[in-house]
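So in numbering that gives the first Met the number 0, spot 95 of the sequence shown is number 94, and the numbers just go up one at a time. Below: one structure, written as structure tokens.
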Amino acid sequence: MGFFDFMTEDIAIDLGTANTLIIHNDKVVIDSPSIVARDRVSGKIIAVGKEASMMQGKTHENIKTIRPLKDGVIADFDASEKMISMLIKSIPALKKRMFTPALRMVVCIPSGITEVEMRAVKESCERVNGKEVYLIHEPMAAAIGIGIDIMQPKGNMIVDIGGGTTEIAVIALGGIVCDKSVKIAGDVFTNDIVYYMRTQHNLFVGESTAEKIKIQVGAAIEDLETPPEDMSVQGRDLLTGKPKQVSVSYREIAKALDKSIQRVEDAVMETLSQTPPELAADIYNTGIYLAGGGSMLRGLDKRISQKTDLPVYIAEDPLRAVVRGTGMALKNLSRFKSVLIK
Ligand SMILES: Nc1ncnc2c1ncn2[C@@H]1O[C@H](COP(=O)(O)OP(=O)(O)O)[C@@H](O)[C@H]1O
Ligand SMILES: [Mg+2]
Numbered sequence: 000m001g002f003f004d005f006m007t008e009d010i011a012i013d014l015g016t017a018n019t020l021i022i023h024n025d026k027v028v029i030d031s032p033s034i035v036a037r038d039r040v041s042g043k044i045i046a047v048g049k050e051a052s053m054m055q056g057k058t059h060e061n062i063k064t065i066r067p068l069k070d071g072v073i074a075d076f077d078a079s080e081k082m083i084s085m086l087i088k089s090i091p092a093l094k095k096r097m098f099t100p101a102l103r104m105v106v107c108i109p110s111g112i113t114e115v116e117m118r119a120v121k122e123s124c125e126r127v128n129g130k131e132v133y134l135i136h137e138p139m140a141a142a143i144g145i146g147i148d149i150m151q152p153k154g155n156m157i158v159d160i161g162g163g164t165t166e167i168a169v170i171a172l173g174g175i176v177c178d179k180s181v182k183i184a185g186d187v188f189t190n191d192i193v194y195y196m197r198t199q200h201n202l203f204v205g206e207s208t209a210e211k212i213k214i215q216v217g218a219a220i221e222d223l224e225t226p227p228e229d230m231s232v233q234g235r236d237l238l239t240g241k242p243k244q245v246s247v248s249y250r251e252i253a254k255a256l257d258k259s260i261q262r263v264e265d266a267v268m269e270t271l272s273q274t275p276p277e278l279a280a281d282i283y284n285t286g287i288y289l290a291g292g293g294s295m296l297r298g299l300d301k302r303i304s305q306k307t308d309l310p311v312y313i314a315e316d317p318l319r320a321v322v323r324g325t326g327m328a329l330k331n332l333s334r335f336k337s338v339l340i341k
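The following block contains the structure:
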């Protein structure tokens, strides 16, 4: 144990395509959109997280908002490094310190990212004084967060529907046996709604409005038991150019999302068909676990269950399952050594 070890702080990070969460001292201390805003003239990052997200769709030509991890890959290395470092530095307990303490961290990354991108994430963490940095794959962290004993010789299927990607994995004996990452997730659902509003209602809505529609009246099936009330949506009329308002029902949104949800279903079916028989037998008994913000789409669990003939469970607090699992891995580094990437 080194002299400075008593000053080491442990943090767990879920670096998501839509949201970045950080756990410190067993508490979620950062829960913020993965967005930065950059001044085009000076090149400086002027805002991150919630502040940057409020600027989205409302910027002028000198400010640009960037989602560094949008499609599950690092689109902008500089922006993602700044985002990681600014979010870590904004952890309340660390902000009070005169200098950033040495950090031991576990960072959860989308499984689609390449070796080069992984190294970039790790180096970004090291530059904010990360002394010991471990990475963990998203489905693994999700499984731990859901409370599955991943070390058992028993197969479990996890479907994590985030912003940029849906990650499907079968996990057994602390390893990923088969997996699939598709770029159909929350962002695509949102874009489907933008397109639907434009073509069916002649209404031009921005991404933020479309996301609100998805959360308020979004659905995966047209026969919900407890349907949400219709929603009034404001936007710009494409024909007259004037602002206007229309009412939208959940059934319409279910239609708008149908094709994309079918692609998620297909990916689940494909992964099931690649699962070795002994593990498939386990999954027959244990069912499928859903995590990620996209799993909260009304009726999605039911739809996947009908398609697969398997029971489907949604993780408790699905937006935080991954960071919870990452935090548990951090607390039990030796137990989870084999699933961590050094
Ligand atoms: N109630 C909801 N219904 C449907 N989608 C939702 C809901 N809440 C959040 N989302 C979507 O979940 C996605 C973010 O999920 P998250 O798990 O944080 O993604 P990531 O891990 O990629 O950052 C966004 O696309 C968001 O619109
Ligand atoms: Mg995630």
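Cβ atoms here follow ideal geometry from the backbone N, Cα and C, with glycine treated the same way. Computed from a predicted model, the values in this text were never measured in an experiment.
Can you tell me the Cβ-Cβ gap for residue i and residue j, rounded? I've got them flagged as a contact below 8 Å.
i, j, result
"Ala328", "Leu339", "6 Å"
"Thr325", "Asp13", "5 Å"
"Thr164", "Val181", "7 Å"
"Val47", "Val35", "5 Å"
"Thr7", "Lys130", "7 Å"
"Ile149", "Ile167", "Rounded, the Cβ-Cβ distance is 16 Å, inconsistent with contact."
"Asn201", "Asp236", "6 Å"
Helix, strand or coil, according to DSSP, for residue i in the structure here?
i, result
"Phe203", "strand"
"Val263", "helix"
"Met0", "With a pLDDT of 46 at Met0, under the threshold of 50, the modelled position of this residue cannot be trusted; read the value that follows with caution. Coil, per DSSP."
"Val120", "helix"
"Met139", "helix"
"Val322", "helix"
"Asp75", "coil"
"Val35", "strand"
"Lys336", "helix"
"Lys69", "coil"
"Lys130", "strand"
"Pro242", "strand"
"Lys95", "coil"
"Glu8", "strand"
"Gly42", "coil"
"Met150", "coil"
"Thr64", "strand"
"Asn331", "coil"
"Asp257", "helix"
"Leu296", "coil"
"Ile157", "strand"
"Asp281", "helix"
"Val115", "helix"
"Ala186", "According to the sequence shown, residue 186 is Asp rather than Ala. Helix."
"Ala219", "coil"
"Ile90", "coil"
Say yes only if the C-beta of residue i is nearer than 6 Å to one or more non-hydrogen atoms of ligand 1, and no if none qualify.
i, result
"Val16", "For clarity, residue 16 is Thr in the given sequence; the question names Val instead. At least one heavy atom of ligand 1 is nearer than 6 Å to the Cβ of Thr16, so yes."
"Gly291", "yes"
"Leu299", "no"
"Met295", "yes"
"Ser179", "With the sequence shown as reference, residue 179 is identified as Lys, and Ser is not the correct amino acid for it. No, the Cβ of Lys179 stays beyond 6 Å of every heavy atom of ligand 1."
"Lys213", "yes"
"Glu277", "no"
"Gly240", "no"
"Glu60", "no"
"Gly185", "yes"
"Glu206", "no"
"Glu210", "yes"
"Leu318", "yes"
Please confirm whether any heavy atom of ligand 2 lies closer than 6 Å to the CB of residue i.
i, result
"Gly163", "no"
"Val216", "no"
"Val322", "no"
Where do the N-terminal and C-terminal ends of the beta strand (DSSP E) with residue i fall, by residue?
i, result
"Ala290", "287-290"
"Thr164", "Run containing Thr164: none; DSSP gives neither H nor E here."
"Lys26", "26-32"
"Asp300", "From DSSP, Asp300 is part of no beta strand (DSSP E) but of the alpha helix (DSSP H) over 299-307."
"Gly234", "230-236"
"Asn18", "18-23"
"Lys179", "174-181"
"Met104", "102-108"
"Ile313", "311-313"
How about residue i: is its Cβ closer than 6 Å to a heavy atom in ligand 3?
i, result
"Leu237", "Absence of ligand 3 from the depicted structure is noted, with ligand 1 and ligand 2 being the only ligands included."
Over the uninterrupted alpha helix (DSSP H) stretch that includes residue i, give me the two end residues.
i, result
"Ser52", "48-54"
Hey, is residue i's beta-carbon within less than 7 Å of any beta-carbon in chain D?
i, result
"Ser294", "No chain D appears in this structure, which consists of one protein chain only."
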